[in-house]
Each structure stands twice: as structure tokens, then as C-alpha cells.
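Its first residue numbered 0, the sequence shown is counted upward by one per residue in numbering that gives the first Met the number 0. Some notes on the structure that comes next.
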Amino acid sequence: MGRGRVQLKRIENKINRQVTFSKRRAGLLKKAHEISVLCDAEVALIVFSHKGKLFEYATDSCMEKILERYERYAYAERQLVANDSESQGNWTIEYTRLKAKIDLLQRNHRHYMGEDLGSMSLKELQSLEQQLDTALKQIRTRRNQLMYESISELQKKEKVIQEQNNMLAKKIKEKEKVAAQQAQWEHPNHGVNASFLLPQPLLNMG
Numbered sequence: 000m001g002r003g004r005v006q007l008k009r010i011e012n013k014i015n016r017q018v019t020f021s022k023r024r025a026g027l028l029k030k031a032h033e034i035s036v037l038c039d040a041e042v043a044l045i046v047f048s049h050k051g052k053l054f055e056y057a058t059d060s061c062m063e064k065i066l067e068r069y070e071r072y073a074y075a076e077r078q079l080v081a082n083d084s085e086s087q088g089n090w091t092i093e094y095t096r097l098k099a100k101i102d103l104l105q106r107n108h109r110h111y112m113g114e115d116l117g118s119m120s121l122k123e124l125q126s127l128e129q130q131l132d133t134a135l136k137q138i139r140t141r142r143n144q145l146m147y148e149s150i151s152e153l154q155k156k157e158k159v160i161q162e163q164n165n166m167l168a169k170k171i172k173e174k175e176k177v178a179a180q181q182a183q184w185e186h187p188n189h190g191v192n193a194s195f196l197l198p199q200p201l202l203n204m205g
């Protein structure tokens, strides 16, 4: 005998309600996955339990991208409707769109800071880890580039200073050489045997 049709109303028994929620949630997630695979569709599913616990499912493109796409479509549709409305209505729609965008950016920022990770699925955590690894590689590449440029600049300065020192040393040697030649011209008998400089009578006395 077939199962009777379930009457759609709130289940009063807490245990039965929780069991039904778990079963229906699993079936819903399964159906969401099946339609995404069979029909090549992008699916985003968000479920909050009566206790406020979050359950979600998203296809290969992450939840944030699907929500952003939804916001774009919803915003475009609202814009078409708002063209015939008052200006204040347009501002309200723009405010709603920007607020949703800010909320999403703030949520991503908390995730990047390692906060509010309890609601993320395994796939989302893996995607976040990959994004952080990519960003870290880019930061290290830029840091190494700056360090290399700094070292190269210091080496160039060192080379210029060394060349200046060599030029100064060469000039000092040239000046010392000129000074020595000048001293030799001013004292031509410097270093000559003293006996040749004595008067002749003194030499005979010896």
C-alpha cells in the first residue's frame, strides 16, 4: 500500500521536525546537484534551519559569483520597472544594490582575515585557500622584485663610488709625483756624497 500524502503544515513535534528537515534538506541538495549536472545549470541553494544554521550548495562557480550574477540580473530587472517610477524609487534600488555589494565585500574581507569561517563549506574553504595562496605568491614575487631592484641600485652606486675613489687615488699619486719632481729641481744636490760638496783645502788636510 502506497504512502499517504503528507499534509503540508508545520510539524509540531521537535524531533520529527528535525528528522524531516535533515531528510528533506539532503534530498533538496541532491536534487540541486542533479539539475546542475544534468542540465549544465548554475545552481545556488541557501537554507537556514529554524535554529539559524546555514546550509548551502553551489556549482563549480562559487556562491559569491552566482550571487553577484543574480544581483546584476535582479538589478537590471528592477531598473526596467523603476524607469516608470519616481526618482526616489531609483535611489532606493541603487541603495539596495550597493548595500548588497558592500555586505558581500565585507563578508569576503572577514573570510580573508580568517574570520567567520564556520558557515563556509569545504569547497568554499578550498577556493579561499587557493585565492590566498595566489595572492601570497604575487606578494612574494613583488617583494623579491623590489629587493632585486634595490640591490641592483646599491651595486650601481657602489661602482660609481669605487670609480670616484680610483680617480681620486690617481690624482693624489700624480700630485705626489709632481711634488717629488719639484723638490728634486729645487734641491739638485740632495742625496749627493757630502765629500764632493766640501771645499778643496779641507780635502787636502785629510
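Note that beta-carbon positions come from the ideal geometry of N, C-alpha and C, so glycine has one too. Being a predicted model, the structure only gives us computed values, none of them experimental.
- The DSSP-derived three-state label of L44 is strand.
- The beta carbons of I65 and E93 sit no closer together than 7 Å.
- With contacts defined as CB atoms closer than 7 Å, S21 and T58 fail to qualify as a contacting pair.
- Residues V42, L44 and Y56 of the same chain have their beta carbon placed closer than 6 Å to that of A31, with the five preceding and five following residues left out of the count.
- If you draw a 10 Å sphere on the C-beta of H110, you find 16 or more other C-beta atoms in it, and that means buried.
- According to the DSSP assignment, E55 belongs to the beta strand (DSSP E) that extends over L53 to A57.
- In the DSSP annotation of this structure, the continuous segment of the alpha helix (DSSP H) that includes I34 starts and ends at K13 to L37.
- In this structure, the alpha-carbon of N12 lies about 13 Å from that of H49.
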